[in-house]
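Residue numbers (this note's numbering), protein chains in the order written: chain A, 1 to 864; chain B, 1001 to 1164. What follows is a set of notes on a single structure, which appears directly below.
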Ligand code: FES
Ligand code: FES
């Protein structure tokens, strides 16, 4: 079932498993990951971190540590507050309290691993030695160890004497009570998802390089969004008072004019930004309630305005060892290292270790969902009531964390099904745990809960899991139709077809007999299915339905494409690939448009000096559609420009010019062709203003056009061993539709990798805190990542719904991880159904399986 | 702290080049090749012996360089991922991985490549199932392993056999 990989060839590249352009570099040790950056005179950072979940800092003594060999400086939380601005959440949503916090904590720590000081030394080992000598006196506070603690008003507040419920919202779609009153049955259940963690094989890291001569700043970073990191660091660093910034601006009036000019340019390009943002009323309310928030924001903004170009960093992201969402944030550590380098005027490197990464590098999931489905006896869904509690830990991820995820969870909850009415209540709570970040479908709980719940409804009603889905899933004849939450399911929404195909491939109708026969032979088998859709990138209004006012910034994908003086073509993208193979896929797309071989294309990324600005970077399963789209259209424009010149040079009409395998010629006479290098020479002769090394430059932006969905059904078979509690996965089938596939091997790799993480979640992975908030999974011996022995072969069946839409590419980055926990858990419950087992949480290690099956007694309920 | 000051003389051969080094007693072999010798192809994923990203060959045997001190490797011959390719010609295991889209972010790649090279060099007798076990000491978070296994099976000549 594996794709045959083909080599670069002259023809159509899109649709073929072209070998990866990045591999020769990465497989020979020539890759350059952030830890590979070694600069002469570079210093090393290490953090002093809290051993307590919740405590006041009474005193911090650094004198002994300062005397430790190699130590250059130690910056405590108190000093850090003079160097940087606080993180100020940018989302203004009704009912949201978004706490402000600094890069280091000075008065109070809020989770195990909370950084309280940064040590800068000549070597990493010396910095780590000195950490041991920093004496911090803590006075512990009762911990808010989990969501139920957070909902308990007797527990101490984490933030400013406010409730630990930071965000409380409710949305009603339709006449919910009436629908429930008219139902044959209302079936309810509570589900949980344990806290897990992305854990890319490369931890986080940053090297802040300060040029000793020019003092220019280059930030080498493992980040999913280079421009986001650049502007967050620029905004929050070099704290100056408001009067000081005004004074700087008075002396440097050009900085005001420059700002006004660029603001005007942005508003001309995006007139929709002139409209008052839908976030405005909530923002004004936030400021009224907390005037210091307004002051903090103004101080940071004025500071940014007053900065010279040289005081802002450029970010350089080269090779990145995976992320899955965790490197989409600007972290407190990033800002602390940056501030230290600025203070000392010297380059500083910080590479997180695995223990730190497990503690504080980003966790995810950790939700409780109460759901009720109102149904008819035949399984027809009449409505849902959903109540979500999301535990985002102590410090919200920046710029986007739990409160944003809660909104996507809300919008996505109906999935590709007919949900006539829905009530959605949500709470985002603060606890003494690490930061919740995006992880490969940060909204995935909607798929887990909905798809589990359909199985429970089917069991209650005595129909099959396939039947309940088929009764409710939107068929293609009904398209287009909006989800009850707003986004449009367009005519390519083929979730129904993936379900029908998967049922056929799984020989689902004969499953009960096969299962019974196996059981008679002592084999406990189960089959689970789950269906979903993901916004990849979603219909045009998707962001507006999630966070009104966010669409204008989030929706745009820019790219540049340049015919260079030597005849090579550069594709310059704001995407920051970290395993997705964009150097290959974007080259495939451009090569087909231009009629040139892949070897003639270089994809450039990760360097804010040359890449076009966008905040989103790589994430959200967006790059196939967004970057694939913009590169298609930009390459097409470049081709037009090339053809113009060729037509002149060859005295032919434009229509007769063809480019094949890099040969530009008149149709029918390839022998008399010219090269792109020839075109480049002529283009430079015509355009005296072309930049050095460039012949023709095209810049485009793409709003995603029709956007669209990726959809899939997974079918998973399990064999459960009731002696050992082990779950084997003899077969796993995926039927998916992501539109036109650019590179099948890359698509399949994304799907398989996501499923592996989903299997890991269900069978092995759990971030654990005890009831006092003490962290318990600090090594890879405690937090188990699946190995090659635990991941089954995965069959992938692609379908493609035909469409007239150009660049009909959609993303597949997150789907595997979103669906697999539901499919696998459904399979396990199906296997154990005859024992009366109901499964509420996708964490099923052997002990839990044996417990559910009644083989062993229920252990003390495990801490969350 | 004395450990940072006292240095110990070691002689190691890395990728065919002999080095005489004065290293801190606590320096790991991984730090030695990465920082001292600038061979950053060897990666550190966990620094506690679980992930296998740091795997190098010590006298022909796969070893986790995060768990080996440089002084322990005194007199040894070390091979890192940088030794695999011969100018522009990739080693068979590298080529097999290119041909099978073995890796994504490739942070884990040096460990897998060196582990598989040791299997090839030592003429390990394997089935598809035992290959999985041999590679289970190397973690990859991106791929779900199928593509890495496909590459390994290809270079080890296990492609024909059914998935035993
Ligand atoms: S870094 Fe050596 S095993 Fe993980
Ligand atoms: S390819 Fe990313 S960890 Fe293996």
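Every residue gets a Cβ at the ideal spot worked out from N, C-alpha and C, and that includes glycine. A quick note: this is a predicted structure, and the numbers were derived from the prediction, not measured.
Practice task
With hydrogens ignored, establish whether the beta-carbon of residue 1141(B) is closer than 8 angstroms to any heavy atom of ligand 2.
Solution key: What you label residue 1141(B) is simply residue 141 of the second chain in a count that begins at 1. Flag set: Cβ of residue 1141(B) near ligand 2.
Problem - C-alpha distance - residue 1121(B) paired with residue 788(A), whole-angstrom precision - result: Taking the second chain and counting its residues from 1, one reaches residue 1121(B) at position 121. Taking the first chain and counting its residues from 1, one reaches residue 788(A) at position 788. Using only the alpha carbons, I get a separation of about 21 angstroms.
Exercise for the section: Just the chain A side, please: which residues come within less than 8 angstroms of residue 1087(B) by C-beta, in chain order? Expected result: To locate residue 1087(B), count along the second chain from 1; it is residue 87. The contacting residues do not exist; residue 1087(B) stays about 10 angstroms from chain A at best.
Practice task
Starting from the N-terminal end, write out each residue whose C-beta falls within a distance shorter than 6 angstroms of any non-hydrogen atom of ligand 1.
Solution key: 1044(B), 1045(B), 1046(B), 1047(B), 1049(B), 1050(B), 1051(B), 1052(B), 1053(B), 1054(B), 1064(B), 1066(B)
Practice task
Taking only heavy atoms of ligand 2 into account, decide whether any of them is closer than 8 angstroms to the Cβ of residue 201(A).
Solution key: The sequence position of residue 201(A) within the first chain is 201, counting from 1. Yes; taking the cut-off as 8 angstroms, the Cβ of residue 201(A) has a heavy atom of ligand 2 nearer than that.
Practice task
Return yes when the C-beta of residue 788(A) is under 8 angstroms from any heavy atom of ligand 2, and no when it is not.
Solution key: Here the question's residue 788(A) lines up with position 788 in the first chain. Checking the Cβ of residue 788(A) against ligand 2 gives no.
Problem - Partner residues on chain B for residue 785(A), Cβ-Cβ distance less than 7 angstroms - result: The count along the first chain starts at 1 and reaches residue 785(A) at position 785. By Cβ distance, chain B contributes 1139, 1141.
Handout entry: Contacts of residue 19(A) in chain B (Cβ-Cβ under 8 angstroms)
Key = In the first chain, the residue the question calls residue 19(A) occupies position 19. The contacting residues are 1098, 1099, 1101.
Handout entry: Element boundaries [alpha helix (DSSP H), containing residue 254(A)]
Key = On the first chain, residue 254(A) is found 254 positions in, with the first residue counted as 1. Looking at the DSSP string, the run of the alpha helix (DSSP H) that includes residue 254(A) is 253–269.
Practice task
Compute every distance between the C-beta of residue 754(A) and the non-hydrogen atoms of ligand 2, then say whether any falls below 8 angstroms.
Solution key: Working through the first chain from its first residue, we reach residue 754(A) at position 754. No - ligand 2 has no heavy atom lying nearer than 8 angstroms to the Cβ of residue 754(A).
Problem - Reduced DSSP category for residue 1065(B) - H, G, I as helix; E, B as strand; rest coil - result: Counting from 1 along the second chain, the entry for residue 1065(B) is found at position 65. Three-state result, residue 1065(B): coil.
Exercise for the section: Count the other CB atoms, across all protein chains shown, that sit within 10 Å of the CB of residue 630(A); report buried if there are 16 or more and exposed otherwise. Expected result: Here residue 630(A) corresponds to residue number 630 of the first chain, with the count starting at 1. The residue is buried, with at least 16 neighbouring Cβ atoms inside 10 Å.
Problem - N-terminal and C-terminal residue of the alpha helix (DSSP H) that residue 409(A) is part of - result: By 1-based counting over the first chain, the position of residue 409(A) is 409. It spans 402–412 - the alpha helix (DSSP H) in which residue 409(A) sits, taken as one unbroken run.
Handout entry: Same chain only: Cβ atoms within 7 angstroms of residue 162(A), ignoring 5 sequence neighbours per side
Key = Here residue 162(A) is taken as the residue at index 162 of the first chain, counted from 1. These residues qualify, in order along the chain: 97.
Practice task
Using only the heavy atoms of ligand 2, determine whether one of them is closer than 8 angstroms to the beta carbon of residue 581(A).
Solution key: Position 581 of the first chain, counting from 1, holds the residue named residue 581(A). No, Cβ of residue 581(A) sits at least 8 angstroms from all heavy atoms of ligand 2.
Exercise for the section: Could you pull the start and end residues of the beta strand (DSSP E) that residue 911(A) belongs to? Expected result: Within the shown structure, residues of chain A are numbered from 1 to 864, placing residue 911(A) beyond reach of any answer.
Handout entry: Rounded straight-line distance, which links the Cα of residue 1046(B) to that of residue 1027(B)
Key = The residue labelled residue 1027(B) in the question sits at position 27 within the second chain. The residue labelled residue 1046(B) in the question sits at position 46 within the second chain. If you take the alpha carbons of residue 1027(B) and residue 1046(B), they lie about 16 angstroms apart.
Problem - Beta-carbon neighbours of residue 1051(B), restricted to chain A and to distances below 7 angstroms - result: In the second chain, the residue the question calls residue 1051(B) occupies position 51. Here the neighbours are 201, 780.
Problem - Extent of the continuous alpha helix (DSSP H) to which residue 511(A) belongs - result: To locate residue 511(A), count along the first chain from 1; it is residue 511. 511–520 is the span of the alpha helix (DSSP H), which, as asked, contains residue 511(A).
Exercise for the section: Identify the continuous beta strand (DSSP E) that holds residue 573(A) and give its terminal residues. Expected result: Along the first chain, one-based indexing puts residue 573(A) at 573. From DSSP, the beta strand (DSSP E) with residue 573(A) extends over 569–573.
Exercise for the section: Compute every distance between the C-beta of residue 738(A) and the non-hydrogen atoms of ligand 2, then say whether any falls below 8 angstroms. Expected result: Here residue 738(A) refers to the residue found at position 738 when the first chain is read from its first residue. Answer for residue 738(A): no, Cβ out of range of ligand 2.
Handout entry: Of the residues 845(A), 832(A), 713(A), the one placed nearest residue 726(A), counting alpha carbons only
Key = Locating residue 726(A) in the first chain gives position 726, counting from the first residue. If we check each option's Cα against that of residue 726(A), 845(A) comes out closest.
Practice task
Under the assumption that residue 783(A) contacts residue 358(A) (Cβ atoms under 8 angstroms), give the Cβ distance between them as a whole number of angstroms.
Solution key: Counting from 1 along the first chain, the entry for residue 783(A) is found at position 783. Counting from 1 along the first chain, the entry for residue 358(A) is found at position 358. About 6 angstroms; that satisfies the 8 angstroms criterion.
Problem - Residues in the segment 346–359 of chain A having any Cβ partner in chain D nearer than 7 angstroms - result: Among the chains of the structure shown, chain D does not appear; the protein chains present are A and B.
Exercise for the section: Give the residues from the segment 22–52 of chain A that approach chain B closer than 8 angstroms (Cβ to any Cβ), ordered along the chain. Expected result: 22, 23, 24, 26, 27, 28, 29, 30, 31, 32, 33, 35, 36, 38
Problem - Collapsed DSSP secondary structure at residue 191(A) in the structure displayed - result: Counting from 1 along the first chain, the entry for residue 191(A) is found at position 191. In the structure shown, residue 191(A) sits in a strand (DSSP, three-state: E or B).
Problem - C-beta neighbour in chain B for residue 863(A), strict 9 angstroms - result: Numbered from 1 along the first chain, position 863 holds the residue referred to as residue 863(A). Note that residue 863(A) has pLDDT 41, beneath the 50 cutoff, so the model's placement of it is unreliable and no number is given.
Problem - Within chain A, the residues that residue 1123(B) reaches when beta carbons sit closer than 9 angstroms - result: Here residue 1123(B) is taken as the residue at index 123 of the second chain, counted from 1. Ordered by position in chain A, no residue passes the 9 angstroms Cβ test against residue 1123(B), which lies about 21 angstroms from the chain.
Handout entry: Cutoff 6 angstroms; reference residue 658(A); Cβ partners in own chain excluding five residues on either side
Key = Position 658 of the first chain holds residue 658(A). 667.
Practice task
With distances taken Cα to Cα, identify the nearest neighbour of residue 200(A) among 627(A), 355(A), 255(A).
Solution key: Translated into positions along the first chain, residue 200(A) becomes position 200. When each option's Cα is compared against that of residue 200(A), the closest is 355(A).
Problem - C-beta atoms of residue 868(A) and residue 455(A) nearer than 9 angstroms - result: In the structure as shown, chain A starts at 1 and stops at 864, and residue 868(A) therefore has no counterpart that could be examined.
Handout entry: residue 338(A): first and last residue of the uninterrupted alpha helix (DSSP H) it sits in
Key = Here residue 338(A) refers to the residue found at position 338 of the first chain. Per DSSP, residue 338(A) belongs to the alpha helix (DSSP H) from 332–344.
Handout entry: Nearest neighbour of residue 238(A), chosen from 22(A), 567(A), 84(A) [CA to CA]
Key = Sequence index remark: in the first chain, residue 238(A) carries index 238 (1-based). Measuring from the Cα of residue 238(A), the nearest candidate turns out to be 84(A).
Practice task
Can you grab the Cα-Cα spacing for the pair residue 117(A) / residue 38(A), in whole Å?
Solution key: Counted from its first residue, the first chain places residue 117(A) at position 117. Counted from its first residue, the first chain places residue 38(A) at position 38. Near 24 angstroms, if we compare the C-alpha coordinates of residue 38(A) and residue 117(A).
Problem - 8 angstroms Cβ cut-off: residues of chain A touching residue 1019(B) - result: Position 19 of the second chain, counted from the start, is the residue given in the question as residue 1019(B). Under the 8 angstroms cutoff, chain A gives no residues; its nearest Cβ is about 17 angstroms from residue 1019(B).
Problem - Under 7 angstroms by beta carbon: chain B residues contacting residue 752(A) - result: Sequence index remark: in the first chain, residue 752(A) carries index 752 (1-based). Per Cβ cutoff of 7 angstroms: 1143, 1144, 1146.
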